[in-house]
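Notes follow once the structure below has been shown.
2 protein chains.
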Amino acid sequence: MASDHEYLSLRISADELTRWIDQMFTAIGVPQADGQIVAHVLVEADLCGKHTHGVSRLPLYVERIERGLMMAEAAVEYETSGTAVIQRMNGGNGLGPVVAWKATEHVIAEAKRYGMAAVAVHHSNHCGAMSVYCSYAAAHGMILLALTNSPPGIAPVGGREAFLGTNPIAWGFPRGKESPPLVIDLATSVVARGNIIEAARRHEPIPLGWALDQKGNPTTDAQMALAGAVLPMAGIKGYALALSVEILSGVLSGAGVGPGVKNPYTDFSGPSNVGHFFLAIDPAAIATEGVFEDHLLAMEADLREVPPAVGGPVVIPGDRSEATRDDYLQRGIPLDPSLVEQLNGVAERLGVGHVPVWEDLAHSPHELSPS
Amino acid sequence: MASDHEYLSLRISADELTRWIDQMFTAIGVPQADGQIVAHVLVEADLCGKHTHGVSRLPLYVERIERGLMMAEAAVEYETSGTAVIQRMNGGNGLGPVVAWKATEHVIAEAKRYGMAAVAVHHSNHCGAMSVYCSYAAAHGMILLALTNSPPGIAPVGGREAFLGTNPIAWGFPRGKESPPLVIDLATSVVARGNIIEAARRHEPIPLGWALDQKGNPTTDAQMALAGAVLPMAGIKGYALALSVEILSGVLSGAGVGPGVKNPYTDFSGPSNVGHFFLAIDPAAIATEGVFEDHLLAMEADLREVPPAVGGPVVIPGDRSEATRDDYLQRGIPLDPSLVEQLNGVAERLGVGHVPVWEDLAHSPHELSPS
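In order, the protein sequence lines correspond to chains P and C. Residue 155 in this note's numbering sits at position 155 of the first sequence, and the numbers go up by one each step. Residue 1312 in this note's numbering sits at position 312 of the second sequence, and the numbers go up by one each step.
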């Protein structure tokens, strides 16, 4: 029986997963238009292989709404008396993807008028993969910078407890109508916490330099790392970048900062108060339309011509995500059986049908690991 | 004799160094106001211990002007028909610090009107330490993002030849009238090329992970690394960030990109065509005046309370630069004797007096190493 196979994978089409997520959020009182946004944001992450930011987050979102810690209807509000070039937005403690999507649409529209626009958001929640907003904006011809803070994840240089989040930096750049946008999206931690959780589950060591134990000593023990703190990427450089993300997303917007951002998985004492920062730039505001995109494609072609090193050829950020997306659109998105079980449990509680998956064999167990 | 001492250091006061640099540029036809900007930018870098971006660059700047590869008078020009929120600037192949300073003053003024403003600059040159512009803008209450591309310095992931520059990312954040600005400034290379040059000079090995040899293999041989390429920080993450800097500074502005940026030390075939990107945000546009600064100081105080790890306590980016600045303002800026000799040679050619240094003993040879 395939279900006994260690590497059993269940697959689902992107369209069917989108519809199912939509039904789930409708069932807990989320307006249909908002549920569609959340479904799109989660499915796009899964499609790019970022399963830690995909439908695996749905149980968390549902639980926070059911507990009254997150609003089913996000009433976002602009609070600034100044110009529309930069605004502060109150996310109204809505679903993170809905708040972030509205902020993205806002900066796209204002950047079309002014050439550039930004919004700093407070009282939001976990909003999924920042790359999704970057792809969307860039597909509309806009350069987008998307930042968010997150609950304490990394230790400051010289400290042994997590304070700053794993604060990602994401940029989207348009490459014209013929090519998908160029998107970069990176956590400022040396590694996603998911990789340490996975190593602990497999009783495997982690590389030195990933994390500290509770006493602040470098460790290769995944369990001790989980009790300690993840390190920033590139030492003080990554720490400095994580700090800049915290300042723009948290301090500037007036959202939670450091431990002021509540961990949605473990802290049920109130709203997370996550902060975001979105900045859109219209390249057509300062270059003849299409010139930016053409020059970007030309640079990329030149980069691919650089002679290969050991382990080459040259990669362009997004190469792997795009290949994964094409593959999953054809073969379906793989879902871990234990996740499907969890999702079905939530569905039963809400009176929604099971996730419409089919059985498949994964190429390797790593295909199911968090990215 | 002190001059025979291996660790002899020569020192100079910041004010005297500023005046001397000013005289040098006046001697080659640079307008006095512009010479004062260059002097300020170089001396500020030396004051923070960034000697690779200080007066050590003067001989290069002078040579490029003398050869007609850089203009003594920078006629910068705004070329955009759009709004003043985002502009493209032609740097007129002027002295990098002058062009960058004018761009910074421009975005500060426009951000005061609109809440936020940016300028993408082409046909500029090496402009020194980006942290200087960030400090200046933040001292005027502005958040500043300062980016520049540079001649090929780092290999793309999977490639064995340098293509992107060591493309720094710098942010300045105001901390109110009582505190110096919070400034971060980091090259997206794993290490400054100066450290490899220094290791080669001392016949010492370099750590694995810093560089590739000409064949694209990781190397610990400093000489082979100099013939090969430096690696980006944090692997593909640093590469992605270097790429975003190249796109904003080079592609968006229409400046040189990748090998299109000429190395000012080795390529005398024409202007460098360096590109910059400056973005200013006025925190007072979306928060009550002073609130941003207060919250930033509060976060910093909380960060310093994080229990220390081995090697602690917690550092805040800029701690070391600020301590160095205070020290050098009191004791004078240390200058390497070989640099002073080189500077005096240029001074004699231009009919300017020698650099007014005094003799001192460095605490250690490392005090003179590139940062």
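Backbone N, C-alpha and C define an ideal beta-carbon position, used for all residues, glycine too.
Proximity of residue i and residue j at Cβ, strictly below 8 Å
i	j	result
residue 1264/C	residue 1064/C	yes
residue 252/P	residue 1184/C	no
residue 1099/C	residue 1074/C	yes
residue 1103/C	residue 1121/C	yes
residue 1228/C	residue 1214/C	yes
residue 232/P	residue 274/P	no
residue 297/P	residue 179/P	yes
residue 1137/C	residue 1091/C	no
residue 1234/C	residue 234/P	yes
Partner residues on chain C for residue i, Cβ-Cβ distance less than 8 Å
i	result
residue 295/P	1251, 1254, 1257
residue 339/P	Near residue 339/P there are no residues of chain C at all, since even the closest Cβ is about 27 Å away, more than 8 Å.
residue 397/P	One cannot answer for residue 397/P here, as it falls past the ends of chain P, which runs 1 to 371.
residue 287/P	1088, 1252, 1254
residue 155/P	1306, 1309
residue 60/P	In chain order: nothing, as chain C lies at least about 26 Å away.
From the options, residue whose alpha carbon lies closest to that of residue i
i	options	result
residue 1112/C	1285/C, 1337/C, 1069/C	1285/C
residue 50/P	324/P, 331/P, 349/P	324/P
residue 43/P	353/P, 360/P, 334/P, 349/P	334/P
residue 175/P	29/P, 295/P, 347/P, 348/P	295/P
residue 1305/C	33/P, 163/P, 154/P, 203/P	163/P
residue 1160/C	1186/C, 1210/C, 1117/C, 1172/C	1210/C
residue 288/P	77/P, 105/P, 141/P	141/P
residue 1350/C	1245/C, 1030/C, 1221/C, 1182/C	1030/C
residue 1279/C	1360/C, 1138/C, 1145/C	1145/C
residue 1158/C	1329/C, 1236/C, 1360/C, 1089/C	1236/C
residue 1047/C	1192/C, 1135/C, 1087/C	1135/C
residue 152/P	187/P, 101/P, 204/P, 119/P	187/P
residue 308/P	1119/C, 1313/C, 1156/C	1156/C
residue 1302/C	260/P, 269/P, 76/P, 336/P	260/P
residue 1182/C	1217/C, 1321/C, 1348/C, 1026/C	1321/C
residue 170/P	97/P, 177/P, 154/P, 143/P	143/P
Own chain partners of residue i with C-beta closer than 7 Å, once the 5 adjacent residues on each side are dropped
i	result
residue 45/P	53, 54, 128, 129, 132
residue 340/P	10, 355, 357
residue 344/P	354, 355
residue 23/P	352
residue 1219/C	1211, 1212, 1213, 1225, 1228
residue 1/P	Summary for residue 1/P: the model assigns pLDDT 36, below 50, so the residue's position carries little reliability, and this model does not support an answer.
residue 300/P	316
residue 18/P	39, 40, 43
Range covered by the beta strand (DSSP E) that runs through residue i
i	result
residue 1088/C	1086-1090
8 Å CB neighbourhood of residue i in its chain, flanking five on each side removed
i	result
residue 319/P	none
residue 115/P	281, 282, 285, 286
residue 271/P	69, 70, 93, 123, 125, 262
residue 21/P	35, 38, 39, 42, 43, 55, 58
residue 246/P	149, 164, 165, 167, 257, 258
residue 1028/C	1062, 1065, 1066, 1072, 1350
residue 16/P	356
Span of the alpha helix (DSSP H) around residue i
i	result
residue 1187/C	From DSSP, residue 1187/C is part of no alpha helix (DSSP H); its letter is neither H nor E.
residue 1101/C	1096-1114
residue 1295/C	1291-1304
residue 1324/C	1319-1331
residue 21/P	14-27
residue 276/P	From DSSP, residue 276/P is part of no alpha helix (DSSP H) but of the beta strand (DSSP E) over 274-281.
residue 1238/C	1236-1246
residue 1146/C	Note, residue 1146/C: premise wrong, no alpha helix (DSSP H); beta strand (DSSP E) at 1143-1148.
residue 1345/C	1337-1350
residue 1165/C	Per DSSP, residue 1165/C belongs to no alpha helix (DSSP H) and is neither H nor E.
residue 1382/C	Past the boundaries of the shown model lies residue 1382/C; chain C is included only from 1001 to 1371, so the question cannot be answered.
residue 1224/C	1222-1227
Neighbour list for residue i in chain P, Cβ cutoff strictly below 8 Å
i	result
residue 1292/C	251, 252
Other residues of its chain near residue i: CB distance less than 6 Å, five sequence neighbours each side excluded
i	result
residue 1369/C	Model confidence at residue 1369/C stands at a pLDDT of 46, short of 50, so the residue's coordinates are unreliable and nothing is read from them.
residue 1110/C	1084, 1117
residue 3/P	Reliability fails at residue 3/P, whose pLDDT of 40 lies under 50, so the model's placement of it is uncertain and the value that follows must be treated cautiously. Once the five neighbours on either side are set aside, residue 3/P has no close Cβ partner at all.
residue 332/P	11, 12, 13
residue 371/P	Reliability fails at residue 371/P, whose pLDDT of 39 lies under 50, so the model's placement of it is uncertain and the value that follows must be treated cautiously. Excluding residues within five positions, the ones whose Cβ falls inside 6 Å are 49, 50.
residue 1208/C	1218, 1220
Chain-ordered neighbours of residue i on chain C, where CB pairs are closer than 7 Å
i	result
residue 237/P	1186, 1233
residue 158/P	1308, 1309, 1311, 1312, 1313, 1314, 1315
Chain P contact residues for residue i, given Cβ-Cβ distances below 7 Å
i	result
residue 1173/C	247
residue 1085/C	85, 114, 115, 116
Chain-ordered chain C contacts of residue i [CB-CB under 9 Å]
i	result
residue 273/P	The premise fails here: residue 273/P is roughly 13 Å from chain C at the closest Cβ pair, so nothing lies under 9 Å.
CB contact check: residue i to chain B, cutoff 8 Å
i	result
residue 299/P	Annotation note: the requested chain B is absent from the structure, which comprises protein chains P and C.
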